[in-house]
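Report on the structure given below.
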């Protein structure tokens, strides 16, 4: 029952033969192979890591045509988007290659001995980092390249010196197998242990649970639903030895649009926001699911503009029929809890129509059911009576990958308070544009307080994603031969 | 039943009147006051934070005589040690004052916009940090100054911009009250909100549980037993919004003494180690609880030397009668599980005699009961048949604050493997001296895989302790007025 099947996302029809789920024995074998690979990969040089990551990027690009076609069938995300995502995935691999080449995983803090009694005096200390060990990586459905088999988690873990056992996402099983095949070819070509990257698969929860419970797994990395991520985190915590679990879960990404911004460029912002809501059929972790407006004529005009712009959109099919059903259920739940429908475009069996709902600030604050993420092309407008109520709305959201603040260009008590409220709940605060689109760069922070992340001090996108897989270790009075390794673990 | 009583640790007699436990209402009031204080303290300047921390250090020193006398009565740790610990605590406060003055909490990573389409192009990003909010701080019994009301957790949280609600340790309630009184005086003198540091107390678990469950608590910091810390971590995870929980729990701190080191200076090392085992009556988180020897004549000689040196030691009274009973129970449990007694010095009602036990490597690997921490002046010798078995012993330990490796001065396959095995399970690896004594310095790492820490990527001692209370936030296209704050939150 745990076996899986590829589907054509646009038609919902089965695509190819059913695939067998990984057995407990094969999961165990994958982790054992990863642990064996760790013996050498954990002490590999930056050049070795970079060579692997570069070759993986090149392999993706070389197989682009077939990969994108397969991804398009399984996800319906469209070839333009998928080509762009493949570019991003290769960019990400190369960025971590450059990070490894620069020796970031081997950086040290040298703290020479200070003579005398404590607390001032201390022995010679060097702080460096060690890779954690085999990482259980749970691929996401909505980025079949960038957050999947060869995505940012895999790239950053490999750059850190950690083997990876990927739990493939059942939403794109054939693409996962094809990408995994590329990896195996590269590993063989570079004479690296094939256990350095393994893959397991299954439609149910059993495979992932078995993986995160395995005693030789040292960390988990997950991108997906709050429910699934919370369940896996509970498994990680329930182990005899709990392990770090980096889960990127739900996020509703409030957009706070202040009257000044709406007055100045409401029409433009409405178009921009409508595009962001339906982009990728709304299947982004940074999809703007909540629009907070301060009641007044600017808000009235903006809502009308947004409704018009959104009603004209035609989102493509969703990734899976399960997600399609969940979207309808989520919208229905909001309506049951008092949300007013402003746009309710009908959809097809696979592709939903865009939805725009509205509640008052007071309603939102009273109904915690309205705080849930609805994954897909919908957004909920909250009409706040005041800036103070808008702040209360942000506090009620509690945790989000992003908050967008339009109209905070001038300093005032109000804008300072809103910035404080936004920074208190989000990993990224935007002052222009829309939250969809997550730059792979040095200053990215893709993570935030629960439920955005199970580990809000970390990021799953950007250079610091590496840090999740490197644990600091202090060496006290280390011998010369060890210091001569310049931070490279034994 | 949750009320508490100060005891004279040397006699076990009650000291002063019983104290009332904090009520649910007073806990709530403390957290609300902390949340109110966060509104201003979260955006305080480095100079303001430094001024507070400096004044707190000075207040401790000014009241030294009375504080040390009270601490000595309640803990029996002795005035020499307690004066040194007070020095260390003041040093720690001043070190975090200097860190705040240098602007470390406000450090930013500037990532200017890059023109062009993604993945190369991206908007202007600045990565900075925000304080988490009110921290629930659980004081430890064994460092009545350095890991208690005004210890490193409080110092680093305040430097980060976070208010603190301290759960006092019931082992030194009067000292806690006196230190808390000093804090209140300093807060008033500096015209700071008294809610910036609050204190709650109680003998049972209810007070701590209520604290960590409070919705306005943003993080927990704990030093204590594995059982207590695990229970509080479970509470932190079970919240509607889980929060970071930094627990330093149990650690058995293996000392691996290779034959070469024992041959060269076995007598000296035996004396050093015996002193470390009984120092502070063995009540250190870095107490060497496991001694791993490679079987052979060097090991035989060293064990005899160590037994002689240890038998001559007379540890002082333990911190509490509960810990005294737990020590006897822990030693008895090891004996029940096949450990051989080498030194079994009788103790008194309050002060245990030193204990030295021994098992084979095979026994240790078979009996997980032998992997537990016994808090007090005892150590378990493991006679490993080979380096490979010594490595298996380290792997079975799994997580420790420290591993000490004596005799790894020369590079070889064996020493590389042992260093790898040590770094895989510890936050600090020592190559000389003993693990007791934890330098408060830049390159310290006081934390390790479970059960040493619930958050092994963080440290509770040293400069990076600050990082536990600052969450990264990326600002995208931030307005000029916000950038002009140079990393100081609104």
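Residue numbers (the numbering used here), protein chains in the order written: chain V, 1 to 490; chain G, 491 to 980.
Ideal Cβ placement from N, Cα and C applies to all residues, glycine included.
8 Å or more divides the Cβ of residue 790 of chain G from the Cβ of residue 442 of chain V. Using a C-beta cut-off of 8 Å, the segment 666-682 of chain G makes no contact with the segment 814-834 of chain G, since fewer than three inter-stretch Cβ pairs fall below that distance. For residue 190 of chain V, no alpha helix (DSSP H) run applies, since DSSP gives it neither H nor E. Annotated as proximal: residue 403 of chain V and residue 429 of chain V, with beta-carbon spacing under 8 Å. By a beta-carbon distance limit of 8 Å, residue 199 of chain V contacts residue 168 of chain V. Their separation comes to about 6 Å. Of V:35, V:50, V:294 and V:209, the smallest CA-CA separation from residue 261 of chain V is found for V:294.
By the Cβ criterion, the segment 218-234 of chain V is not in contact with the segment 40-50 of chain V, since fewer than three pairs of Cβ atoms, one from each stretch, lie closer than 8 Å. Around residue 538 of chain G, no beta-carbon contact reaches into chain V at under 8 Å, the shortest distance being about 17 Å. For residue 565 of chain G, there is no enclosing beta strand (DSSP E); the enclosing alpha helix (DSSP H) has its first and last residue at 554-565.
A straight-line Cα-Cα distance of about 55 Å links residue 479 of chain V and residue 289 of chain V. For residue 259 of chain V, the enclosing alpha helix (DSSP H) starts and ends at 259-278.
Between the segment 935-942 of chain G and the segment 725-735 of chain G there are fewer than three C-beta pairs closer than 8 Å, too few to call the two in contact. Under the Cβ distance rule, residue 899 of chain G counts among the residues neighbouring chain V, one pair being separated by less than 8 Å.
Counted as a single uninterrupted DSSP element, the beta strand (DSSP E) harbouring residue 966 of chain G occupies residues 960-966.
Every alpha helix (DSSP H) of 4 residues or more that sits fully in the segment 849-877 of chain G is shown, in chain order, as 851-856. The residues 123 and 124, in chain order, have a CB closer than 6 Å to that of residue 113 of chain V in the same chain once the five nearest residues on each side in sequence are set aside.
Within a 10 Å sphere around the beta-carbon of residue 842 of chain G sit 16 or more other beta-carbons, which makes this residue buried. The C-beta of residue 691 of chain G comes no closer than 8 Å to any C-beta of chain V. Three or more pairs of CB atoms, one per stretch, sit closer than 8 Å, so the segment 890-904 of chain G contacts the segment 741-755 of chain G. Taken through DSSP and simplified to helix, strand or coil, residue 934 of chain G comes out as coil.
A Cβ of chain V is located within less than 8 Å of the beta carbon of residue 933 of chain G. For residue 769 of chain G, same chain residues with a beta-carbon under 6 Å away, outside a window of 5 residues either side, are 926 in chain order.
If you draw a straight line from the Cα of residue 565 of chain G to the Cα of residue 771 of chain G, it comes to about 11 Å. In this structure, residue 684 of chain G keeps its C-beta atom at 8 Å or more from the C-beta atom of residue 691 of chain G. Its chain contains 843 as the residues whose beta carbon lies nearer than 8 Å to that of residue 836 of chain G, once the 5 sequence neighbours on both sides are disregarded; these appear in chain order.
Listed by position along chain V, the residues whose Cβ is nearer than 9 Å to that of residue 896 of chain G form an empty set, because the closest Cβ is around 11 Å away.
For residue 91 of chain V, a Cβ of chain G is located within less than 8 Å of the residue's own Cβ. If you draw a 10 Å sphere on the C-beta of residue 368 of chain V, you find fewer than 16 other C-beta atoms in it, and that means exposed. By the criterion of a C-beta distance shorter than 6 Å, residue 387 of chain V is surrounded in its chain by 414, once the five residues flanking it on both sides are discounted. Around the CB of residue 826 of chain G, fewer than 16 other CB atoms lie within 10 Å, so the residue is classed as exposed. Rounded to whole angstroms, the separation of the alpha carbons of residue 767 of chain G and residue 50 of chain V is 46 Å. Every unbroken stretch of the alpha helix (DSSP H) spanning 4 or more residues and falling wholly within the segment 606-657 of chain G is given here in chain order: 642-650.
The DSSP assignment places complete alpha helix (DSSP H) segments of no fewer than 4 residues inside the segment 18-57 of chain V at 24-41, in order along the chain. 8 Å or more divides the Cβ of residue 37 of chain V from the Cβ of residue 137 of chain V. The secondary-structure analysis by DSSP pairs residue 722 of chain G with nothing; it has no beta-bridge partner. Here the C-alpha atom of residue 250 of chain V lies approximately 28 Å from the C-alpha atom of residue 647 of chain G.
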